[in-house]
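S.K.: The structure follows.
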Amino acid sequence: MKHPYKQFVQLQLLMMALTVLIGTMALINANRTLALLTCFTLALSFAFEGIVELKKRHTFLFAQQILRAFVIIIFTCYLYF
Numbered sequence: 269m270k271h272p273y274k275q276f277v278q279l280q281l282l283m284m285a286l287t288v289l290i291g292t293m294a295l296i297n298a299n300r301t302l303a304l305l306t307c308f309t310l311a312l313s314f315a316f317e318g319i320v321e322l323k324k325r326h327t328f329l330f331a332q333q334i335l336r337a338f339v340i341i342i343f344t345c346y347l348y349f
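Here the sequence shown is numbered in this note's numbering, starting from 269 and rising by one per residue.
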């Protein structure tokens with residue numbers, strides 16, 4: 269039986285892999301735009317993990333992950349712009 273949140277777990281893993289890949293490219297090229305994109309993909313990874321927790325009916329863990337993603341996005345935008 270397929271889990272109802274399997275696609276969100278796969279999206280989370282994809283975002284983590286993209287974070288590592290883009291982060292490495294940002295460090296090598298010293299590119300601020302890629303560094304911003306790295307932070308956004310990391311925040312998306314946390315958001316997808318939060319959605320998985322919501323599907324499992326763990327509302328506190330969901331709120332924790334969504335808040336973590338929100339804080340990363342807000343402070344990254346503040347520092348970038």
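Glycine included, every Cβ here is placed at the ideal spot set by N, Cα and C. The model shown is predicted, which means the values in this text are computed figures rather than measured ones.
Within a Cβ cutoff of 6 Å, which residues of the same chain sit near Ala311, ignoring the five residues on either side of it in sequence?
M.R.: Answer for Ala311: Ala337, Ile340 and Ile341, listed in chain order.
S.K.: Tell me which residue opens and which closes the alpha helix (DSSP H) that Phe349 is part of.
M.R.: Note, Phe349: premise wrong, no alpha helix (DSSP H); not H, not E.
S.K.: Quick one: measure Cβ to Cβ for Phe330 and Leu279, integer angstroms, because I've assumed they're closer than 8 Å.
M.R.: Between Leu279 and Phe330 the Cβ distance is about 15 Å, and since that is not below 8 Å, they are no contact.
S.K.: Are there 16 or more other CB atoms within 10 angstroms of the CB of Val288, so buried, or fewer, so exposed?
M.R.: Exposed.
S.K.: Indicate the three-state DSSP secondary structure (helix, strand or coil) for Lys323 in the structure shown.
M.R.: In this structure, Lys323 counts as helix in the three-state DSSP scheme.
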